[in-house]
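Structure record follows, encoded as structure tokens.
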Amino acid sequence: MIQMPQTRGRLTPDRPLNDLTWLRVGGPADWLFQPADRADLKAFLAALDPAVPVFPMGVGSNLIVRDGGLRAVVIRLGRGFNGISVEGMRVTVGAAALDAHVAKRAAEAGVDLTFLRTIPGSIGGAVRMNAGCYGTYTADHLKAVTVVLRDGREAVLDAAALDLEYRQSSLPEGAVIVEAVFEGLPGDPAALVARMEAQLKKRDETQPTKDRTAGSTFRNPAGFSSTGQADDVHDLKAWKVIDEAGMRGATLGGAQMSPKHSNFLVNAGGATAADLESLGEEVRKRVFQHSGIELHWEIMRVGEAG
């Protein structure tokens, strides 16, 4: 077994990951590392054998870990990385801060980052996926990120260097996002809170927020998020083409395409990662057969089959 560096954080071997993902599936990681702070993370990566792969993991809201687990050191940031500070219209946040918390803290200070309120997950994942909703994306407000590179060096990357596109970005291999700087627009705190409450109400009415899901399963074929506006066009929305292929409510083992919103893959009880991924692939196949449209996964799938 490879010798692991000394650390002030928590380093756990053969750590099952199922309880760390929203879908509650996944085999073990070779190691799970929860660094105490940025210095601990930098020292650990600098000392870790360069041949050992690392996988930065947020709160597991947009992730399927396959049943065989991950042959890597999974890095999960915690309390030492969730700070939120506001200066003028600039909001500096740790990568482990939850998107919803950032939106609320910014709103209290009169800064509009309300689009983050209904996005599940943490800021590191929002940056990596260029998360967005209601027509606004992380890229619209992100100014810079601080990362710890695989060799332990720290770097500040301008947002333009991340090639942020619909649900994707380019980051150096093995880089761990530790901090992000956003710039919002000014807004009245009470009005911003009211807008977020309306967004939450709409989300709860249309999405299976009480079920075990990982957010939207597939990217919209149109190449952009729903805007939430009354004149939004649905022809090339993932849920629409899934419906038209007859896959709303479809099941496989313990996996189901939600009857409430057909672009949400649900662990309806006892699902394996294989159930979920296989059902997703069946949906992709049926949609392609029906409409010639190729759906692309929005949920990240990693690890080895069981």
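According to the working numbering, the sequence shown is numbered sequentially starting from 62.
Each residue gets a CB set at the ideal place from its N, CA and C atoms; glycine is no exception.
Model, not experiment: these values are computed from the prediction.
Check                                                                                                                                                              : Outcome
How about the region 264–273 and the region 102–113: do they share at least three Cβ pairs that are nearer than 8 Å?                                               : no
Looking only at C-alpha atoms, which of Gly88, Glu343, Ala107, Ala157 sits nearest to Met65?                                                                       : Ala107
Express the C-alpha separation of Leu225 and Val154 in angstroms, rounding to a whole number.                                                                      : 19 Å
Look up Thr175 in the DSSP assignment and say whether it is helix, strand or coil.                                                                                 : helix
Look at the alpha carbon of Glu359 and the alpha carbon of Val348, and state the distance between them as a whole number of angstroms.                             : 16 Å
Output needed for Ala291: all residues of its chain with C-beta closer than 7 Å, excluding positions within five of it in sequence on either side, in chain order. : Low confidence applies here, because Ala291 scores a pLDDT of 46, under 50, leaving its location unreliable and the question unanswered by this model.
Just curious, the beta strand (DSSP E) that Ile184 is in, first and last residue?                                                                                  : Not the beta strand (DSSP E): Ile184 falls in the alpha helix (DSSP H), residues 184–190.
Using 8 Å as the threshold, is the region 183–195 in touch with the region 81–91, meaning 3 or more CB pairs across them?                                          : no
Measuring CB atoms only, is the region 143–154 touching the region 236–246, in the sense that at least three cross pairs come out at less than 8 Å?                : yes
What is the DSSP secondary structure of Ser231, reduced to helix, strand or coil?                                                                                  : coil
Which first and last residues belong to the alpha helix (DSSP H) in which Gln260 is found?                                                                         : 250–267
Give me the Cα-Cα distance between Asp249 and Glu258, rounded to the nearest whole angstrom.                                                                       : 14 Å
Where do the ends of the alpha helix (DSSP H) carrying Leu337 lie?                                                                                                 : 334–352
Pop quiz: Arg256 and Gly235 are said to be a contact at Cβ under 8 Å. What is the actual Cβ separation, rounded to whole angstroms?                                : Contact flag wrong, Cβ pair sits at about 38 Å.
For Arg345, which residues in the same chain have their Cβ closer than 6 Å to its Cβ, ignoring the five residues on either side in sequence?                       : Leu356
Should Gly119 go down as buried or exposed, given a rule of 16 or more other Cβ atoms within 10 Å for buried?                                                      : buried
Using 10 angstroms around the beta-carbon of Asp160, count the other beta-carbons present and answer buried if the total reaches 16, otherwise exposed.            : buried
Taking the C-alpha atoms as reference points, what is the distance between Gly49 and Ala221?                                                                       : What the structure shows of the chain is the stretch from 62 to 367, and residue 49 is not part of that stretch, so it cannot be assessed.
DSSP three-state call for Val120: helix, strand or coil?                                                                                                           : coil
Can you have a look at Asp336 and say buried or exposed, based on whether 16 or more other CB atoms are within 10 angstroms of its CB?                             : buried
Starting from the Cα of Thr207, find the closest Cα among Val237, Tyr227, Ala200 and give me that residue.                                                         : Val237
Buried or exposed for His67, please, with buried defined as at least 16 other CB atoms from any protein chain shown within 10 angstroms of its CB.                 : Reading off the sequence shown, one finds Gln at residue 67, where the question assumed His. Exposed is the call here.
For Ala178 and Val209, what's the separation of their Cα atoms in angstroms?                                                                                       : Per the sequence shown, residue 178 should be read as Arg rather than Ala. Looking at the two C-alpha atoms, the distance is approximately 27 Å.
Near Val135, which residues of its chain fall below 6 Å by C-beta distance, leaving aside the five closest residues on each side in sequence?                      : Ala90, Leu93, Phe116, Met118
How long is the line joining the alpha carbons of Ser183 and Ser146, rounded to whole angstroms?                                                                   : 16 Å
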